[in-house]
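Be aware that the sequence shown starts at 20, since it is given in my numbering, and climbs by one per residue. For reference, the structure discussed in these notes is given below.
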Amino acid sequence: MQAPDANALQGRRILLGITGSIAAYKAAVLARLLVRAGAEVRVVMTPLAKQFITPLTMATLTKHPILVDFFDPENGAWNSHVALGEWADCYLVAPATANTLAKMVAGVADNLLLTTYLSARCPVIVAPAMDLDMYAHTATQHNLAALAARGVRIVEPTEGELASGLQGKGRMAEPEQIVASLGAFFTEKKKLTGRHYVVTAGATIEPLDPVRFLSNHSSGKMGYAIAEALARRGARVTLVSGRTALAVPAGVERVDVLTAEEMYRAASEAFERADGAVMCAAVADYTPAEVADRKMEKGEGELIVRLKRTRDIAAELGARKGSRLLVGFALETHDEEAHAESKLGRKHFDFIVLNSLRDAGACFRGDTNKVTLIDRAGREELPLLSKREVAERIADRIETLNA
């Protein structure tokens with residue numbers, strides 16, 4: 020593991036989740052180390068965790084009240100799981116029991132710790148702790164793999180003497196190791212400091228009249244995840260976005276557009292002062308040749324709409340990219356690799372991200388994707404992953420190309 024910068028945790032806001040494990044006693048040491056490293060720490064506990072370590076201990080160490088229940092029964096004050104997730108730079112669950120890991124995978128929301136996980140927008144890290152047979156069980160390993168596929172980071176448990184008296188893997192990593200992992204996580208996210216990237220995302224809208232338009236099913240989730248991943252690594256990101264209901268990722272500058280022509284102008288202008296671009300938007304290939312200035316009323320017979328080609332934004336940026344980085348996307352329904360490789364060459368992409376609507380889980384508006392990264396040296400086929408994890412893999416490759 021790369022040694023973290025000494026100031027990696029300075030000013031970081033860490034939400035520490037504690038579950039009902041004998042390893043909860045280590046949470047006191049963990050909180051103290053995080054505070055010493057300059058982090059602000061707040062704690063949320065499951066009700067069972069209070070049987071292993073008291074809220075008073077954790078409150079004393081963190082200088083913040085400890086949250087266990089959804090509301091204070093004495094005065095009705097609400098503990099907002101949404102606000103907790105928005106506050107944190109990272110949600111660290113340590114120890115994470117087999118029960119909590121399973122509930123995280125299933126989406127169970129029966130305590131404050133779990134509802135906070137489900138609403139958290141920040142990175143999530145878990146440090147499992149359990150007996151060796153529980154850890155080795157197929158169900159637990161499946162759950163850990165599922166969480167990892169969704170972008171959750173795992174701090175592997177260590178081998179040693181367990182609470183059962185048995186020897187094996189299942190001990191929660193030592194607090195010093197967890198703090199080092201957390202510091203390395205924040206350090207590695209800053210490798211793109213000083214770089215500026217343009218990311219296009221979402222669908223364009225091509226009007227037929229003031230009421231109707233032509234568009235597609237893109238939600239923008241993939242492009243927004245890429246913008247967020249690049250920003251977390253220190254890059255300045257200009258997100259040129261079609262219409263979407265998504266929130267602007269932290270640290271990202273968003274430029275809103277509607278039509279393909281508007282996206283062309285905004286992306287071209289931003290690209291002039293950028294180090295590269297990721298062309299993830301679903302841009303219309305055609306737009307109505309004439310746009311009615313009033314609503315077209317329904318008439319008898321067919322309505323024939325004449326369409327004209329829109330500008331190929333990726334191709335035009337590729338023609339003048341020079342030494343800058345350019346990443347493309349190809350969503351195909353047939354002859355996938357042939358189409359992607361053709362675009363790779365014609366549009367001067369450094370690499371292209373291919374996904375097929377024939378792959379289960381790679382659908383519009385979903386939270387998962389299955390992609391293949393293709394460049395001139397070959398291809399790397401990724402398994403079904405969360406769009407956030409796909410974005411991290413794409414950011415990894417961008418880091419490598421810009422090293």
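Cβ coordinates follow ideal geometry from the N, Cα and C atoms, glycine included. Only a predicted model underlies this, so the values are computations on that prediction, with no experimental measurement involved.
Between GLU408 and ALA50, the C-beta spacing is not below 8 angstroms. If the five residues before and after THR116 are omitted, its C-beta is found closer than 7 angstroms to the C-beta atoms of THR38, GLY39, SER40, ALA148 and MET149, all from its own chain and listed in chain order. Fewer than three pairs of CB atoms, one per stretch, sit closer than 8 angstroms, so the stretch 174-189 makes no contact with the stretch 243-256. Remark: fewer than three beta-carbon pairs, one from each stretch, lie closer than 8 angstroms, so the stretch 361-377 and the stretch 204-216 are not flagged as touching.
DSSP places ASN374 within a strand segment (E or B) once states are collapsed to three. Exclusion of the five residues before and after PHE232 leaves ILE224, GLU225 and PRO226 as the residues of its chain whose Cβ lies within less than 7 angstroms of its Cβ.
Residue environment analysis places ARG61 among the buried positions, since at least 16 neighbouring C-beta atoms fall within 10 angstroms of its C-beta. Here the stretch 67-77 makes no contact with the stretch 136-144; the two share fewer than three CB pairs at distances below 8 angstroms. When the beta-carbon positions are compared, GLY221 and GLY242 come within less than 8 angstroms of each other. Taking VAL274 as the centre and dropping the five residues before and after it, the same chain places the C-beta of VAL259 and ALA285 closer than 6 angstroms to its C-beta, in chain order. Secondary-structure assignment with DSSP links HIS215 through a beta bridge to ARG255. Between the beta-carbon of LEU166 and that of LEU120 there is about 7 angstroms, and that keeps the pair under the 8 angstroms contact cut.
Straight through space, the alpha carbons of ALA303 and HIS236 are spaced by roughly 11 angstroms. Across the structure, GLY270 and ALA250 are spaced so that their CA atoms are roughly 6 angstroms apart. Distance from the CA of TYR110 to the CA of ALA300, rounded to the nearest whole angstrom, comes to 30 angstroms. In the three-state DSSP reduction, GLN70 falls in the helix class (H, G or I). When the Cα atoms are used, ARG190 and LEU53 turn out to be separated by approximately 20 angstroms. ASN388 is bridged by DSSP to LEU404. The criterion of a C-beta distance shorter than 8 angstroms is satisfied by ARG416 and LEU392. Each of ALA334, THR306, ARG328 and ALA42 was checked against the Cα of LEU181, and the nearest Cα belongs to ALA42. Distance from the CA of GLU281 to the CA of GLU309, rounded to the nearest whole angstrom, comes to 17 angstroms.
Burial check for MET298: the Cβ neighbour count within 10 Å reaches 16 or more, so the residue is buried. VAL171 and LYS314 have their alpha carbons spaced roughly 49 angstroms apart.
In the DSSP annotation of this structure, the continuous segment of the alpha helix (DSSP H) that includes ALA46 starts and ends at 45-55. For GLU280, the enclosing alpha helix (DSSP H) has its first and last residue at 279-290. Where LYS188 is concerned, there is no enclosing alpha helix (DSSP H), although the beta strand (DSSP E) around it starts and stops at 186-190. Judged by beta-carbon spacing, LYS240 lies within the 8 angstroms limit of LYS406, meaning their Cβ atoms are closer than that value.
As the crow flies, the alpha-carbon of HIS358 is around 19 angstroms from that of ALA338.
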